[in-house]
Amino acid sequence: MCGIIGVVGSSDTLKILLEGLSRLEYRGYDSAGVALAGAGETWRARTADGTESVAALVEACREAPAHYRAGLGHTRWATHGAPEAVNAHPHFDCSGTVALIHNGIIENHRELREELESRGHQFTSVTDSEVVAHLVEELRHESYELAEALRRALERVRGAFAIAVMDATEPDVIVAARRISPLVVGTAPGVTYLASDVPAILDRATHFYAVDDDEIVRLSPEGFSARGLDGSPVRLRQLAIDWDLETAEKSGYDDFMTKEIEEQPQAVAQTLLDRRDGEGRIVFDELRISDEELRDVRRVVLVAAGTSLHAAHVAKYAIERWARVSVDVDIASEYRYRDPVVEIGTLVIGVSQSGETIDTIQAMREAQRRGARVVAVTNIVDSSIAREADAVVYTRAGLEVSVASTKAYVAQVCALELFALRLAQIRGTLDAPEIERVWGELLVVPERIATALARRDSYASVAAQLLDATTYFYLGRHLGFTTALEGALKLKEISYLHAEGYAGGELKHGPLALIEPGVVVVAITTDPAMREKILSNVAEVKARGASVVAVASDDDETTEAVADFVLRVPSGDPMTSPMVDIVPLQLLAYSLARGMGRNVDRPRNLAKTVTVE
Ligand code: AGP
């Protein structure tokens, strides 16, 4: 799980690589490197400086040659080999003329390394990736041109890759290939680019193209040619990109997380746009699945990871209540290994912001293999799950950069609730006035979120009083439980504090033993139907010395008397409230993390997109 970038034909090679890497850091940042090629020589700099590796790389490149017109850059999230400069990419062959960058995992690297070492190759890193540089080196010695050398090298490789190579003896060519890990190509007059994701080259290229699995591209200043790894001719799909650079940068906020939290009203509003036709039907232009098929669905299984899994939990409540279909929520990484039962009429929904999470991709593939119809809910157009699924529903949160997912979460909940509503409409389980009412509730969610955001200072002042606490339990019932799960994840990932989310009813079945003075319990009390029960939980933890922070709606007159701190949110329909109630918890986590001096956008050990199992 790394970010890669390449450019050929520019007189500004180094600047393009370094700027691109800074926009790819959300894919990994424990080390970084660039290599430049020209005049028969290769120049390289690599750094491993924790979350500041790209900044350190900028320093390390002060003496770089200015006139080299081809280059590769890489920002790494370590899988094989410690996050040290020697393991940072680009990797070289023995002679130092071939340079290589790789995102993915070469599964058979050990056997390939042994074989190459037995033929005299000298390895300088312990990464899986370096074997490919040496395989290419051998094939170059056999006089294969660079693209054919990489193609043949990849025939020897098992695993996942977005990989690119250049050779200083042919410095106006870069060759790249993809299997599983994402890769795009960009063009501009006289310059051609490659990258893991569009933002890295957004301000440089004018046209963007997706490289699909098992395709290889040869880039030169004039453009690119592509073919299949089996040698077959292919044509790259052009991508319609409507992001601007502003979207890909912080727009004046201190960090991406703040920017993305603030963008949540728009994320929901945009996800709701154009979702009803003139006759009041919920519609998804991109949903390639017929009404008849949806009507016949007997069971829904949602697969996802992390925050997307929490959005899937919300969907279970919505689909079961509105569409009266039985729903299971599965951790994506568990699904494929437990021999899942897929009966006729099973619809599997994979939820993934990035659309590239390997666990979710594999779970969806497993479901497809077993005959399920598979729908992707994703934020990234043309991402892997969008392409592979039978149907897709796009969230429209816009680019999310911060590792901690915020706006993508509310957009996922919104899209999944819309999907639940559509199912209900097709199946006739909700009547027209009720659909109209729920639709109206969805429409006011952006306004409710905006009202909550306007209270950011009051949430921050609660956080300021909790800075000494180290253990948090989040409790909720019904949809408050899903908010508890997501609130706890936000806190743990950006503050590194211990936080767990529980269904309130589970408290007495174990966690209560952990409650003592100093522990903070965050209780979600916004649902009037659940309030009495969750306030009983509050009384139980208070009796044992915990401090209680409640997320309470404006019309709630009972919670204030029992909680130590109250985070007020605008009242509304409990079914749509997960999109609102999460806001104070995102901001609570944010303030605590900032108060502790954490880097909220780049929490330690994590990466935005998890493309390895
Ligand atoms: C969320 O804050 C986390 N960074 C993480 O749990 C994330 O939601 C998970 O890795 C799934 O990512 P995806 O939505 O891109 O599949």
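Numbering (the working numbering), first residue to last: 157 to 769.
Each residue gets a CB set at the ideal place from its N, CA and C atoms; glycine is no exception.
Exercise. Just to confirm, are N259 and I160 a CB contact at a threshold of 7 Å?
Worked result: Residue 259 sits at position 103 when you count from the first residue of the sequence shown. Residue 160 sits at position 4 when you count from the first residue of the sequence shown. Yes.
Problem set entry | Sub-7 Å separation of P740 and L723 beta-carbons | Here residue 740 is taken as the residue at index 584 of the sequence shown, counted from 1. Here residue 723 is taken as the residue at index 567 of the sequence shown, counted from 1. Result yes, Cβ atoms of P740 and L723 sit closer than 7 Å.
Exercise. Given 8 Å as the limit, is there contact between the stretch 628-637 and the stretch 446-459, that is, 3 or more CB pairs closer than that?
Worked result: no
Exercise. Taking the beta strand (DSSP E) that G408 falls in, what are its first and last residues?
Worked result: Taking the first residue of the sequence shown as position 1, residue 408 is located at position 252. From DSSP, G408 is part of no beta strand (DSSP E); its letter is neither H nor E.
For this session: Determine the closest residue to F440 out of D386, T513, R480 and L572, with distance taken between C-alpha atoms.
Result: Taking the first residue of the sequence shown as position 1, residue 440 is located at position 284. F440 has its Cα closest to that of L572, out of D386, T513, R480 and L572.
Problem set entry | First and last residue of the uninterrupted alpha helix (DSSP H) at T414 | By 1-based counting over the sequence shown, the position of residue 414 is 258. Unbroken alpha helix (DSSP H) run through T414: F412 to E418.
Exercise. Where in the stretch 290-318 do unbroken runs of the alpha helix (DSSP H), each at least 4 residues long, occur, reported from the N-terminal end onward?
Worked result: 302-311
Problem set entry | Inter-residue spacing [alpha-carbon to alpha-carbon] between A564 and F575 | Here residue 564 corresponds to residue number 408 of the sequence shown, with the count starting at 1. Here residue 575 corresponds to residue number 419 of the sequence shown, with the count starting at 1. Approximately 16 Å, taken between the alpha carbons.
Problem set entry | Selected residue, minimal CA-CA separation from I514, among I261, D757, I417 and I357 | Locating residue 514 in the sequence shown gives position 358, where the first residue counts as 1. Taking only the C-alpha atoms, the option nearest I514 is I261.
For this session: Give a single yes or no on whether S482 has its beta carbon closer than 6 Å to a heavy atom of the ligand AGP.
Result: One-based indexing of the sequence shown puts residue 482 at position 326. No - the ligand AGP has no heavy atom lying nearer than 6 Å to the Cβ of S482.
For this session: Pick out the complete beta strand (DSSP E) segments inside the stretch 695-745, 3 residues or longer, and give them in chain order.
Result: 703-709 and 721-725
For this session: Give me whichever residues DSSP pairs with Y628 in a beta bridge.
Result: Within the sequence shown, residue 628 is the residue found at index 472, counting from 1. Paired residues: A655 and V676.
Problem set entry | Own chain, CB closer than 6 Å to E263, minus 5 neighbours either side, in chain order | Taking the sequence shown and counting its residues from 1, the one referred to as residue 263 is at position 107. Cβ neighbours of E263 beyond the five flanking positions: R314 and G315.
Exercise. Are the Cβ atoms of V481 and V456 separated by less than 7 Å?
Worked result: Locating residue 481 in the sequence shown gives position 325, where the first residue counts as 1. Locating residue 456 in the sequence shown gives position 300, where the first residue counts as 1. It is a contact, given that the beta carbons lie within the stated cut-off.
Problem set entry | Three-pair Cβ contact test at 8 Å for the stretch 637-651 versus the stretch 739-758 | yes
Exercise. Three-state secondary structure (DSSP) at L555?
Worked result: Counting from 1 along the sequence shown, the entry for residue 555 is found at position 399. Three-state result, L555: coil.
For this session: Note the first and the last residue of the continuous beta strand (DSSP E) segment covering D486.
Result: By 1-based counting over the sequence shown, the position of residue 486 is 330. Segment S482 to I487, the beta strand (DSSP E) holding D486.
For this session: State the DSSP-derived secondary structure class of D515, mapped to helix, strand or coil.
Result: As a position in the sequence shown, residue 515 is number 359, starting the count at 1. D515: helix per DSSP, three-state reduction.
Exercise. Going by other Cβ atoms of all chains shown within 10 Å of its Cβ, with 16 needed for buried, is P730 buried or exposed?
Worked result: Working through the sequence shown from its first residue, we reach residue 730 at position 574. P730 should be labelled buried.
For this session: Round the Cβ separation of R477 and A356 to the nearest angstrom and send it over; I've been treating them as touching at under 8 Å.
Result: Counting from one through the sequence shown, the residue named residue 477 turns up at place 321. Counting from one through the sequence shown, the residue named residue 356 turns up at place 200. That pair is no contact at about 42 Å.
Exercise. Which value, in whole angstroms, describes the spacing of the CA atoms of H290 and E419?
Worked result: To locate residue 290, count along the sequence shown from 1; it is residue 134. To locate residue 419, count along the sequence shown from 1; it is residue 263. Roughly 46 Å separates the two Cα atoms.
Exercise. For L622, which option in L598, V678, G660 and L668 has the closest C-alpha, if you only look at C-alpha atoms?
Worked result: Here residue 622 refers to the residue found at position 466 when the sequence shown is read from its first residue. Comparing Cα-Cα distances from L622 to each of L598, V678, G660 and L668, the minimum goes to V678.
Problem set entry | R333 to L503 span [Cα, whole Å] | Against the sequence shown, residue 333 aligns to sequence position 177. Against the sequence shown, residue 503 aligns to sequence position 347. It is Ala, not Arg, that sits at residue 333 in the sequence shown. Computed Cα separation, rounded: 33 Å.
Problem set entry | A669 versus R700: straight-line alpha-carbon distance, rounded | Walking along the sequence shown from the start, residue 669 turns up at place 513. Walking along the sequence shown from the start, residue 700 turns up at place 544. About 9 Å.
Problem set entry | Three-state secondary structure (DSSP) of P338 | Reading the sequence shown from its first residue, position 182 is the one you call residue 338. Of the three classes helix, strand and coil, the one that applies to P338 here is coil, per DSSP.
Exercise. Would you say the beta carbon of A560 comes nearer than 6 Å to a heavy atom of the ligand AGP?
Worked result: Your numbering for residue 560 matches position 404 in the sequence shown. Correct: A560 has its Cβ closer than 6 Å to the ligand AGP.
Exercise. With 16 as the cutoff for other CB atoms within 10 Å, does W399 come out buried or exposed?
Worked result: Taking the sequence shown and counting its residues from 1, one reaches residue 399 at position 243. Classification for W399: exposed.
Exercise. With a cut-off of 8 Å, do at least 3 Cβ pairs link the stretch 505-512 to the stretch 532-539?
Worked result: yes
Exercise. Using CA coordinates, which residue listed in E197, G194 and I738 is at the minimum distance from V470?
Worked result: As a first step, residue 470 is located in the sequence shown; it is residue number 314 there, counting from the start. The shortest C-alpha separation from V470 is found at I738.
Problem set entry | From A193, I605, D284 and C250, residue whose alpha carbon lies closest to that of T562 | Here residue 562 is taken as the residue at index 406 of the sequence shown, counted from 1. Here the closest residue by C-alpha is I605.
For this session: With W199 as the anchor, note down where its beta strand (DSSP E) starts and where it stops.
Result: Taking the sequence shown and counting its residues from 1, one reaches residue 199 at position 43. Here the beta strand (DSSP E) through W199 covers E197 to T203.
For this session: Kindly indicate which residue of V533, S388, R526 and G584 has the alpha-carbon position closest to the one of R444.
Result: Numbered from 1 along the sequence shown, position 288 holds the residue referred to as residue 444. Among V533, S388, R526 and G584, the Cα nearest to that of R444 is on V533.
Problem set entry | Beta bridge counterpart(s) of L228 as assigned by DSSP | Within the sequence shown, numbered from 1, the residue matching residue 228 stands at position 72. Looking at the DSSP assignment, L228 forms a beta bridge with G162 and A191.
For this session: Using only the heavy atoms of the ligand AGP, determine whether one of them is closer than 6 Å to the beta carbon of G657.
Result: On the sequence shown, residue 657 is found 501 positions in, with the first residue counted as 1. No, the beta carbon of G657 sits no closer than 6 Å to any heavy atom of the ligand AGP.
Problem set entry | Which listed residue (L306, F279 and T283) has its alpha carbon closest to that of V292 | Against the sequence shown, residue 292 aligns to sequence position 136. Nearest option by C-alpha distance: L306.
Problem set entry | Buried or exposed by the 16-neighbour rule on C-beta atoms within 10 Å, applied to E371 | Taking the first residue of the sequence shown as position 1, residue 371 is located at position 215. E371 comes out buried.
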